[in-house]
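In this note's numbering, the protein residues as written are 540 to 1334.
In this text, a Cβ means the ideal position worked out from N, Cα and C, and glycines have one as well.
If you're wondering where the values come from, they're calculated on a predicted model, not measured in any experiment.
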Ligand code: NAI
């Protein structure tokens, strides 16, 4: 507005242009002649094959630079460099590694403006965000993890780095996602091959240069650019020990399948459709500002964006009106302008995807409203969009749009709000607005999401774990739990391989009952009751010498489904106090101890008298141990650098399927089921295939020990068949599988459907007779998931 008078400007309060100067960043690009190779072994390398591809500024469409398209050969070179660097990196003292992480944090701060501008021109996000959010959080992440590097041996005793880590990141927070991945990996002593997203590779390459500037040993960090095929080559590379991925749920699923037959540790941070719940007593003006941050930050291209607005019916009209007024004042414009609220969408394909989903929403009958805002003449822009009259099953209420689109719905009661909030396959984040701390915390606890912000939204800190429930993936980034994703118990990595399981055959001929005994009928145990198997078949159970010990029911798909339903109905177990859970476990131990001689006598036929007695003794001890842990494995209160506390709660995961070890039929069962039960999960367990008769002893014990019906269910049968049903069942939230390599691999592969967490022995032998290997925090860490609830304080 060149001719506007000061008086007119004063009246309209219109902003003038305030562009950030990109000159220094452009000069930096020129130093590389706007063409980048891969960063491998501390040096820039031209691609072995595949050439270069352009990266564009989405606000103008102009080409910024060319980057290398990574081939399998490039990935191989990078993995080899990372492998070669590993021994020296691991051998450094914790303090020496801490110094490198500290230096990286400092270097990011020293070049913060260049990095912020580079991020903005490559991604399209407003400079205000890259300057004030992304880059400061990157530095904070390296500082925080410099601390873990320093404290590693004391705070993570007995754990060691996974090795070479492959990391694949998306385009929405390019440098921040790099920091979330690289900082903990290095702090734990791993070396890294990272592949940035094809739309936004530049800040990762700028970071590579910082690695050299701080003297990071060559090969500790390697960056290979490219598209999905490059990512796939990294995922499939046989010499990678762990994959960490952030991106779409479809690709996450593909990676789960692709890594199933390897021992690669896996963490997935996937999509979301996070609820933003506003109660009638909320401060509505604050909630509106929260929505600006919740759904319009980064053009809504945020995995934890508050994309579903759930309003209590009584305030829906008022809140919608306020929201529309605010939306009309948002500024969509050039990302380098410091007063821009909403910048450019990352790429044409993403813009088309947003427009397509919005058109689908309209076609399904939802009302679409957009403010009449001017958009720049060129570039990829999309107006902030509000859907009302949205049916909860509509595509705009269910699918991740990853754009500046909000879908609003109403509810009447807190219970209905929780139901709507959880009506999604995802579970990444949520935001709850109420002036009543009781309502807010009650609802926060019931929403299935890894992060819940009370009266706030989209707040992040390196100390507070971030990650999802359900199809939002598994694993956490940040905090102590984020470090654990890059570490494994040293003994477990060296544990010997388990021999392949014996085939369990269906009874072909009438089994002779040992003379002089009354037939002992073993049943399944579902929902607190003994039931016959649906199949009407039994399996013989023989001693190693071939003597028939008895017969156990052959459970099938239907029995597992009934058991999962019973477990679902018993979910109140997770709300029982830790003291109550401990009491039940103690009581189980007491009753097991009472009947030890009798159970050991039966078990002796399979494992010998000495081992049977030892199993009984240790099973009692193990139940005591988890009774002890039940009220001592507690959460943490974080103090992030805002006026907030973040309460990291250990929550039960839900329904757990457990395939128990063949050997140590009682102790193996107790070692796996007790930590899950102590954590508040309900269990569907498949007892030892070698000695399924243990089921009868177990359920008599449960009946006499006040275990609520449905908390522990037993289905005997063939592990591979029952595992398939458990793995494919959408209502099973976590699967623990103990078996040979083949069984463990199929547990992972078959669970890709609903992306349930799978924890297995990786086909290795775990010595449950040793408390060091068979009991403790490592088990509990897999029995719980951490939920961070952020609560603000102050006026
Ligand atoms: P994407 O999941 O395809 O890409 C993420 C990263 O994975 C990129 O680096 C990509 O090159 C790589 N990749 C793609 N295919 C791969 C494969 N088979 N194996 C290994 N790596 C592979 O996401 P995209 O296509 O960029 O975006 C599509 C949708 O995904 C978005 O509209 C959004 O809904 C969602 N998304 C979610 C993100 C989140 O943080 N939750 C981040 C990015 C996208």
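Task: Per DSSP, cross-strand counterpart(s) of residue 948 - done: On the chain shown, residue 948 is found 409 positions in, with the first residue counted as 1. The partner list for residue 948 (beta bridge, DSSP) reads 849.
Open item on the list: Looking only at its chain, what residues have a beta carbon closer than 6 Å to the beta carbon of residue 1218, apart from the 5 residues adjacent to it on each side?
Closed with: The residue labelled residue 1218 in the question sits at position 679 within the chain shown. Hits under 6 Å: 1191, 1322, 1323.
- [ ] List the whole-angstrom C-beta distance separating residue 1246 from residue 1222, where the pair is believed to meet the contact cut-off of C-beta under 8 Å.
- [x] Against the chain shown, residue 1246 aligns to sequence position 707. Against the chain shown, residue 1222 aligns to sequence position 683. So it is not a contact: roughly 10 Å between Cβ atoms.
Open item on the list: Shorter than 7 Å, the distance from the beta carbon of residue 673 to the closest heavy atom of the ligand NAI, or not?
Closed with: The sequence position of residue 673 within the chain shown is 134, counting from 1. Flag unset: Cβ of residue 673 not near the ligand NAI.
Open item on the list: Using C-beta distances below 7 Å, list every residue in its chain close to residue 1178, excluding the 5 sequence neighbours before and after it, in chain order.
Closed with: Here residue 1178 refers to the residue found at position 639 of the chain shown. If the five residues before and after residue 1178 are omitted, its C-beta is found closer than 7 Å to the C-beta atoms of 1184, all from its own chain and listed in chain order.
Task: Whether residue 663 touches residue 598 by CB criterion (8 Å) - done: Position 124 of the chain shown, counted from the first residue, corresponds to residue 663. Position 59 of the chain shown, counted from the first residue, corresponds to residue 598. In this structure, residue 598 lies closer than 8 Å to residue 663 by Cβ.
Open item on the list: According to DSSP, simplified to helix, strand and coil, what is residue 1034?
Closed with: Residue numbering aside, residue 1034 sits at position 495 when the chain shown is read from its first letter. In the three-state DSSP reduction, residue 1034 falls in the coil class, being neither helix nor strand.
TODO: Assess, as a yes-or-no matter, whether the stretch 1064-1076 is touched by the stretch 1097-1104 under the definition of 3 or more beta carbon pairs within less than 8 Å.
DONE: Yes, the stretch 1097-1104 is in contact with the stretch 1064-1076.
Task: Alpha-carbon spacing of residue 1124 relative to residue 733, whole angstroms - done: Within the chain shown, numbered from 1, the residue matching residue 1124 stands at position 585. Within the chain shown, numbered from 1, the residue matching residue 733 stands at position 194. Taking the straight line joining both Cα atoms gives about 45 Å.
- [ ] Quick one: grab the DSSP three-state call for residue 1177.
- [x] For the purposes of this step, residue 1177 is taken as the residue at position 638 of the chain shown. Here residue 1177 sits in strand by DSSP.
Open item on the list: I'd like the list of long-range same chain contacts for residue 684, defined as Cβ closer than 6 Å, with 5 residues on each side in sequence excluded.
Closed with: As a first step, residue 684 must be located in the chain shown, where it is residue number 145. Correct list, in chain order: 640, 722, 723, 726.
Open item on the list: Using C-beta distances below 7 Å, list every residue in its chain close to residue 1077, excluding the 5 sequence neighbours before and after it, in chain order.
Closed with: Numbered from 1 along the chain shown, position 538 holds the residue referred to as residue 1077. Its chain contains 1046, 1090, 1091, 1092, 1093 as the residues whose beta carbon lies nearer than 7 Å to that of residue 1077, once the 5 sequence neighbours on both sides are disregarded; these appear in chain order.
Open item on the list: Suppose you measure from the CA of residue 770 to the CA of residue 707; what does that come to, to the nearest Å?
Closed with: By 1-based counting over the chain shown, the position of residue 770 is 231. By 1-based counting over the chain shown, the position of residue 707 is 168. Roughly 6 Å between the two C-alpha positions.
Open item on the list: If you reduce the DSSP assignment to three classes, tell me which class residue 1172 lands in.
Closed with: As a working mapping, residue 1172 is identified with position 633 in the chain shown. Coil, per DSSP.
Task: the ligand NAI heavy atom lying under 7 Å from the CB of residue 972 - done: For the purposes of this step, residue 972 is identified with residue 433 of the chain shown, where counting begins at 1. No, since every heavy atom of the ligand NAI falls outside the 7 Å radius drawn around the Cβ of residue 972.
Open item on the list: Please return the same chain residues whose Cβ sits closer than 6 Å to the Cβ of residue 629, not counting the five positions on each side in sequence.
Closed with: For the purposes of this step, residue 629 is taken as the residue at position 90 of the chain shown. Once the five neighbours on either side are set aside, the close Cβ partners of residue 629 are 728.
Task: heavy atom of the ligand NAI below 7 Å from residue 601 C-beta - done: Here residue 601 refers to the residue found at position 62 of the chain shown. Every heavy atom of the ligand NAI is 7 Å or more from the Cβ of residue 601, so no.
Open item on the list: Based on DSSP bridge pairs, tell me the residues matched to residue 1327.
Closed with: Stepping through the chain shown from its first residue, residue 1327 is reached at position 788. In the DSSP output, where bridge partners are listed per residue, residue 1327 has 990, 1187.
- [ ] Compute every distance between the C-beta of residue 894 and the non-hydrogen atoms of the ligand NAI, then say whether any falls below 7 Å.
- [x] For the purposes of this step, residue 894 is taken as the residue at position 355 of the chain shown. No, the beta carbon of residue 894 sits no closer than 7 Å to any heavy atom of the ligand NAI.
Task: DSSP beta-bridge partners of residue 784 - done: Numbered from 1 along the chain shown, position 245 holds the residue referred to as residue 784. Beta-bridge pairing links residue 784 to 707, 807.
Open item on the list: Nearest by alpha-carbon distance to residue 1281: which of 1199, 546, 813, 801 is it?
Closed with: What you label residue 1281 is simply residue 742 of the chain shown in a count that begins at 1. Comparing alpha-carbon positions, the option among 1199, 546, 813, 801 lying closest to residue 1281 turns out to be 801.
Open item on the list: Among 1115, 574, 823, whose alpha-carbon lies nearest the alpha-carbon of residue 856?
Closed with: Indexing the chain shown from 1 puts residue 856 at position 317. The residue with the shortest Cα to Cα distance from residue 856 is 823.
- [ ] Enumerate in chain order the residues of its own chain whose CB-to-CB distance from residue 1052 is below 8 Å, with the five nearest sequence positions on each side excluded.
- [x] Position 513 of the chain shown, counting from 1, holds the residue named residue 1052. Low local confidence applies: a pLDDT of 49 at residue 1052 is under 50, so the model's placement there is unreliable, and no value is given.
- [ ] Classify residue 577 as helix, strand or coil using the three-state DSSP reduction.
- [x] In the chain shown, the residue the question calls residue 577 occupies position 38. In the structure shown, residue 577 sits in a strand (DSSP, three-state: E or B).
Task: Candidates 711, 1035, 719, of which the one nearest residue 1006 by Cα - done: By 1-based counting over the chain shown, the position of residue 1006 is 467. If we check each option's Cα against that of residue 1006, 719 comes out closest.
Open item on the list: Using a Cβ-Cβ cutoff of less than 8 Å, which residues in the same chain neighbour residue 875 once the five nearest sequence positions on both sides are dropped?
Closed with: Working through the chain shown from its first residue, we reach residue 875 at position 336. Hits under 8 Å: 558, 559, 561, 598, 656, 659, 660, 666.
Open item on the list: Closer than 8 Å is the cut-off here; do at least three beta carbon pairs connect the stretch 1267-1275 with the stretch 1131-1138?
Closed with: No, the stretch 1267-1275 is not in contact with the stretch 1131-1138.
Open item on the list: Could you give the first and the last residue of the continuous alpha helix (DSSP H) run that contains residue 1241?
Closed with: To locate residue 1241, count along the chain shown from 1; it is residue 702. Residues 1233-1243.
- [ ] Using 10 angstroms around the beta-carbon of residue 853, count the other beta-carbons present and answer buried if the total reaches 16, otherwise exposed.
- [x] Against the chain shown, residue 853 aligns to sequence position 314. Answer is exposed; the Cβ neighbour count stays below 16.
- [ ] Pull up the distance between the alpha-carbon of residue 699 and that of residue 594, whole angstroms please.
- [x] Position 160 of the chain shown, counting from 1, holds the residue named residue 699. Position 55 of the chain shown, counting from 1, holds the residue named residue 594. Near 38 Å, if we compare the C-alpha coordinates of residue 594 and residue 699.
TODO: Mind reading off the beta-carbon distance from residue 1004 to residue 1327? Whole number of angstroms is fine, and I expect it under 8 Å.
DONE: Here the question's residue 1004 lines up with position 465 in the chain shown. Here the question's residue 1327 lines up with position 788 in the chain shown. Yes, residue 1004 and residue 1327 are in contact; Cβ-Cβ is about 6 Å, under 8 Å.
Task: Selected residue, minimal CA-CA separation from residue 717, among 751, 652, 690, 783 - done: Within the chain shown, residue 717 is the residue found at index 178, counting from 1. Looking at the Cα atoms, 783 is the closest of the given residues.
- [ ] Indicate whether residue 691 and residue 626 have their beta-carbon atoms separated by less than 8 Å.
- [x] Residue mapping note: residue 691 aligns to position 152 of the chain shown, counting from 1. Residue mapping note: residue 626 aligns to position 87 of the chain shown, counting from 1. In this structure, residue 691 lies away from residue 626, with their beta-carbon atoms at least 8 Å apart.
Task: Nearest candidate by alpha-carbon position, reference residue 604, set 1113, 742, 1284 - done: Here residue 604 is taken as the residue at index 65 of the chain shown, counted from 1. For the residues 1113, 742, 1284, the minimum Cα distance to residue 604 belongs to 742.
Open item on the list: Does residue 712 pass the burial test, meaning 16 or more other C-beta atoms within 10 Å, or should it be called exposed?
Closed with: Taking the first residue of the chain shown as position 1, residue 712 is located at position 173. With 16 or more other Cβ atoms within 10 Å, it is buried.
TODO: Classify residue 1044 as buried or exposed, calling it buried when 16 or more other Cβ atoms lie within 10 Å of its own Cβ.
DONE: Taking the first residue of the chain shown as 1, we reach residue 1044 at position 505. The predicted model places residue 1044 with a pLDDT of 43, which falls under 50 and marks its position as unreliable, so this point remains unresolved.
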